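Presented below is the structure to which this report refers.
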Amino acid sequence: MTVQAPSHAIPEKYRDSPDIRTVRIPEQCHSCGTNLSQDNLEWTGPLEARCLYCGAAVKAKFERVQYSV
C-alpha cells in the first residue's frame with residue numbers, strides 16, 4: 010500500500026530530489042495483523058512508523074515512481 014508520508018519520514022538525501030517517489034508500507038501489521046492505513050500509523054522517523062493498535066515498529070520502503078509512455 011502506498012501512503013502520503015510526512016517529510017520527516019522521507020530519508021534526508023531524497024527530500025529535495027526532483028524524482029517522484031512514494032512510500033510503501035505493509036498492508037498489515039506484522040505484530041497484531043491489523044490492516045494498516047494512514048489513519049492508524051504514527052511516523053517516528055525516516056521510513057519507520059508505529060502501529061497505533063499495538064505499538065509495533067512498521068518499516069516502510071521508499072520507491073521511485075516510474076511512468077510508462
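Heads up, the sequence shown is in my numbering, so the first residue is 10 and it goes up one at a time. Just so you know, even glycine gets a beta-carbon here, dropped at the ideal spot from N, CA and C. Since the model is a prediction, treat every value here as computed from it, not as a measurement.
Alpha carbon to alpha carbon, how far is residue i from residue j?
i, j, result
"HIS17", "TRP52", "8 angstroms"
"CYS41", "ILE19", "25 angstroms"
"VAL78", "LYS68", "Because VAL78 sits at a pLDDT of 49, beneath the cut-off of 50, its placement in the model cannot be relied upon, and the point is left open."
"ARG73", "PRO35", "17 angstroms"
"LEU56", "VAL32", "8 angstroms"
"GLN37", "GLU21", "26 angstroms"
"PHE71", "GLY54", "13 angstroms"
"GLN47", "HIS39", "16 angstroms"
Whole-angstrom Cβ separation of residue i and residue j, contact assumed at under 8 angstroms?
i, j, result
"LEU50", "CYS60", "7 angstroms"
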